[in-house]
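Note sheet for the following structure.
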Amino acid sequence: MIRLVAGGLIAIACVLIGMAIRRHFNLRRDAYATICDFAAFLTGEISYLKTTVPVAIGEFVKGRKGSVSLALSQYAEALRLGMAESFVPDVSGFKDGEKKEFAKFLKSIRS
């Protein structure tokens with residue numbers, strides 16, 4: 086009887102751990118998809134319409150949710166205030182190296 090209960094608890098724990106891992110990787114997938122959408126959107130906005138970066142970011146994040154959209158909004162505000170040099174985005178699910186790469190991407194679109 087004890088083995089049956091212990092086996093059930095182990096199975097439940099494994100399922101919960103699997104669900105947490107799935108959630109983590111879904112957040113990462115959604116973040117990368119949003120960044121790809123943003124890059125495609127920004128190409129059209131800046132190339133053809135000559136829209137400034139903060140305005141383009143504002144248009145992109147309108148109605149969107151997620152940590153990437155929040156980080157982009159914060160970056161647009163940092164651009165307006167002139168503090169974009171020291172900006173490091175806080176995107177949930179990203180490691181420190183990925184955050185630095187995203188910051189490099191944001192700095193490259195500014196110039």
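For the sequence shown, the numbering used here begins at 86 and goes up steadily by one. Don't be surprised by glycine CBs; every beta carbon is placed ideally from N, CA and C.
Nearest-angstrom Cβ-Cβ length linking residue i and residue j, presumed shorter than 8 Å
i: ILE194; j: VAL138; result: 6 Å
Beta-carbon proximity check, residue i vs residue j, cutoff 8 Å
i: PHE179; j: TYR160; result: no
i: VAL146; j: SER158; result: yes
i: GLY143; j: ALA116; result: no
i: ALA163; j: VAL176; result: no
Beta-carbon proximity list for residue i, same chain, < 7 Å, skipping 5 on both sides
i: GLY129; result: none
i: ARG165; result: PRO139
Any C-beta of chain C under 8 Å from that of residue i
i: LEU164; result: Here there is only one protein chain, and chain C is not present.
Rounded separation between residue i and residue j - CA only
i: VAL100; j: VAL90; result: 15 Å
i: ILE97; j: HIS109; result: 19 Å
i: ALA118; j: GLU170; result: 25 Å
i: ARG107; j: ARG113; result: 10 Å
i: PRO174; j: LEU94; result: 39 Å
i: ASP122; j: ARG149; result: 12 Å
Same chain, Cβ closer than 8 Å to residue i, neighbours up to 5 away in sequence not counted
i: ILE120; result: VAL153, PHE187 and PHE190
Spatial neighbours of residue i in its chain, beta-carbon cut-off 6 Å, leaving aside the 5 residues before and after
i: ILE126; result: The sequence given here places Phe at residue 126; Ile does not occur at that position. Cβ within range, chain order: PHE145.
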